[in-house]
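The block underneath contains the structure these notes are about, expressed in structure tokens.
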Amino acid sequence: GQVTATPVAGSTANGTISLSCPTDVALDGDGYLFIVDSNNNRIIGSGPNGFRCIIACTSTSGSASNQLSNPSTFSFDSCGNIYVTDQSNNRVQQFTLQINNCSKLFVNNETL
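Here the working numbering is used: the first residue of the sequence shown is 1, the next is one more, and so on.
Okay, structure coming up:
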């Protein structure tokens with residue numbers, strides 16, 4: 001049969017976040033989608049309320065620990081921590097996930 005694609009994020013998806021050169025995606029254990037938005041130098045995550053930026057949310061490239069410059073790939077380890085290849089900074093960044101006692105998911109103290 002014929003394969004049909006359905007946009008879930010980006011310019012042709014209704015009610016979603018704008019992307020510029022998405023380069024990688026990953027699903028977590030709960031089925032939430034994470035997107036490397038390379039030209040915007042950030043990581044996008046989905047949640048119950050839709051998509052939003054979760055890492056490096058200024059869209060400005062940089063080399064500080066909370067910034068990315070041309071991120072390209074994304075992965076989780078067995079504990080759910082996030083690893084991002086930060087291509088133009090020649091590094092791999094680890095972002096630690098934290099879960100509070102209300103079972104809300106946090107990345108660097110921001111609620112998902």
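Glycine included, every Cβ here is placed at the ideal spot set by N, Cα and C. No experiment lies behind these values; they were computed from the predicted model shown.
Is DSSP giving ASN100 helix, strand or coil here?
On the sequence shown, position 100 is the one that residue 100 refers to. Only weak support exists for where ASN100 lies, its pLDDT of 42 falling under 50; the value from the coordinates is given anyway. Coil.
With DSSP run on the structure shown, which of helix, strand or coil describes SER75?
Taking the sequence shown and counting its residues from 1, one reaches residue 75 at position 75. Correct three-state label for SER75: strand.
Can you name the start and end residues of the beta strand (DSSP E) that ASP37 belongs to?
Mapped onto the sequence shown, residue 37 falls at position 37. 33-37 is the span of the beta strand (DSSP E), which, as asked, contains ASP37.
So THR4 is in the beta strand (DSSP E); what residue range does that whole segment cover?
Counting from one through the sequence shown, the residue named residue 4 turns up at place 4. Careful: THR4 lies outside any beta strand (DSSP E) and carries neither H nor E.
Have a look at THR6, GLY1 and THR23 and flag the residue whose alpha-carbon is nearest the alpha-carbon of THR73.
Position 73 of the sequence shown holds residue 73. Here the closest residue by C-alpha is THR23.
Can you name the residues that DSSP bridges to PRO22?
Translated into the one-based positions of the sequence shown, residue 22 becomes position 22. The partner list for PRO22 (beta bridge, DSSP) reads ASP37.
For SER46, which of helix, strand or coil comes out of DSSP?
Reading the sequence shown from its first residue, position 46 is the one you call residue 46. Reduced to three states, the DSSP call for SER46 is strand.
What number of angstroms, rounded off, separates the C-alpha of THR60 from the C-alpha of ASN39?
Taking the sequence shown and counting its residues from 1, one reaches residue 60 at position 60. Taking the sequence shown and counting its residues from 1, one reaches residue 39 at position 39. Between THR60 and ASN39, the C-alpha separation is close to 9 angstroms.
If you drop the 5 nearest sequence neighbours on each side, which residues of the same chain put their C-beta closer than 7 angstroms to that of TYR32?
Numbered from its first residue, the sequence shown carries residue 32 at position 32. Correct list, in chain order: GLY45, SER46 and GLY47.
Can you confirm whether ASN41, when its beta carbon is compared against all beta carbons of chain B, has any partner nearer than 8 angstroms?
Here there is only one protein chain, and chain B is not present.
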